[in-house]
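Numbering (the working numbering), first residue to last: 1457 to 1751.
Cβ coordinates follow ideal geometry from the N, Cα and C atoms, glycine included.
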Ligand code: SF4
């Protein structure tokens, strides 16, 4: 694995209320090997040239410990906003695991986004962390259909296995739910897909299902996505171009109808889907104190 040095690891979240009540962002790795054809982290905006190559920050844990020790506000630290913290290198290098040990030691909370079952390896630490602070795990699934998922997310475990991971987390009393993002226009934006994912989330005892009902096609992501989606549905990229032109935000044509359907399905299944309700629910054991100037 290649390494780079870093000066900082944790950055303050500007608007945690909009994204799972996160107080700090952190990416221990750069790049990801999971190959999701829609991955927004490929965007030019993030300046990662070879996104498939995983690079680790050699001094990440040292800097993380300094930062955790110096912060007064023991908020929720987010793992994996730009790359999956349980990528293929993590099994050997255990950087995410070691970071969780530090989170535990300094009594911070944690928010993790992943598509990998490797998170189950760290169940012991998640259980310990949630004794003193808030924990939320988001298992990312875009379609219930394992064949379609294999095409969209070629190096990831099947959607069925990801629902099993979610279920195992819940059986161990870890606060966890389903992140159903992105929703790909003309591909996964069907009522059938939404209904089935929510039903499987319910069967997995998910605490929430969250979506933004659309996708972002930034520069570089667009080219990569179009090349790949045309292999599955020849000519589909032309439909995208005629509907969305060069726009970055691509919402399904039936956005409102689908969103209403999604909310109704979540309500019918008694699963949270509103961001502020999810935040209040997972933080109810250790409620948020006023954070002004505490960073
Ligand atoms: S797992 Fe996440 S970071 Fe990795 S390629 Fe897929 S969407 Fe991108």
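In three-state terms, what does DSSP make of residue 1646? coil
Item to check | Contacts around residue 1735, its chain only, beta-carbon distance under 6 angstroms, and the 5 residues preceding and following it disregarded | outcome: 1477
inquiry  = Out of 1516, 1610, 1684, 1666, which one is the CA nearest neighbour of residue 1554?
reply    = 1516
query: Going by Cα to Cα distance, which pick from 1614, 1569, 1474, 1512 is closest to residue 1487?
result: 1512
Sorry if obvious, but does the Cβ on residue 1538 come closer than 8 angstroms to a heavy atom of ligand 1?
yes
C-alpha gap between residue 1496 and residue 1737, whole angstroms:
Each residue's Cα considered, the two are about 28 angstroms apart.
Worksheet item: Can you tell me the Cα-Cα spacing of residue 1726 and residue 1614, whole angstroms?
Response: Cα to Cα, residue 1726 sits roughly 25 angstroms from residue 1614.
* CB contact flag (residue 1533, residue 1601, <9 angstroms) -> no
query = What is the DSSP secondary structure of residue 1718, reduced to helix, strand or coil?
reply = Looking at residue 1718 - three-state DSSP - the assignment turns out to be helix.
*Short CB-CB distance (under 9 angstroms) between residue 1614 and chain C*: Note that chain C does not occur in the displayed structure, where there is just one protein chain.
Taking residue 1559 as the reference, which of 1569, 1588, 1546, 1548 has the closest Cα? Between residue 1559 and the set 1569, 1588, 1546, 1548, the nearest pair of CA atoms involves 1588.
| If we ignore side chains and look at the alpha-carbon of each, how far apart do residue 1728 and residue 1698 end up? | 35 angstroms
For residue 1458 and residue 1520, the rounded distance between their alpha carbons = 19 angstroms
Note to self: Distance check for residue 1578 and residue 1584, CA to CA, integer angstroms please.
What the structure shows: 10 angstroms
- Task: State the Cα-Cα distance for the pair residue 1569 and residue 1622, rounded to the nearest angstrom.
- Result: 12 angstroms
For the beta strand (DSSP E) that contains residue 1596, what are its first and last residues?
1591 to 1596
**For residue 1717, the nearest candidate out of 1652, 1562, 1606 (CA to CA)** = 1652
Q) Whose CA, out of 1648, 1611, 1637, 1594, lies closest to the CA of residue 1624? A) 1594
* To do: Return yes when the Cβ of residue 1631 is within less than 9 angstroms of the Cβ of residue 1673, no when it is not.
  => no
Euclidean distance between Cα positions of residue 1492 and residue 1657
21 angstroms
Would you give the residue range spanned by the beta strand (DSSP E) that residue 1570 belongs to? Counting along the chain, the beta strand (DSSP E) containing residue 1570 begins and ends at 1565 to 1570.
Which residue comes first and which comes last in the alpha helix (DSSP H) that contains residue 1579?
-> Unbroken alpha helix (DSSP H) run through residue 1579: 1579 to 1585.
Helix, strand or coil at residue 1539 [DSSP, three-state]
coil
task = Assign residue 1682 to one of three DSSP states: helix, strand, or coil.
result = helix
Ligand 1 and residue 1573: does the residue's C-beta get closer than 8 angstroms to at least one heavy atom of that ligand?
The answer is no for residue 1573.
Grab the span of the alpha helix (DSSP H) containing residue 1695 for me, first residue to last. Counting along the chain, residue 1695 sits inside the alpha helix (DSSP H) bounded by residues 1692 to 1700.
From the DSSP output, in three-state form, read off residue 1496 for me.
helix
*May I ask which residues mark the beginning and end of the alpha helix (DSSP H) holding residue 1561?*
Annotation: the continuous alpha helix (DSSP H) that includes residue 1561 extends over 1551 to 1561.
*Cβ shell of residue 1667 (< 7 angstroms), same chain only, five flanking positions each side left out*: Setting aside the 5 residues that flank it on each side, residue 1667 is surrounded in the same chain by 1636, 1637, 1639, 1718, each with a C-beta closer than 7 angstroms to its C-beta; the list follows chain order.
ask   = What number of angstroms, rounded off, separates the C-alpha of residue 1690 from the C-alpha of residue 1599?
value = 20 angstroms
Quick one, are the C-beta atoms of residue 1566 and residue 1597 less than 9 angstroms apart?
no
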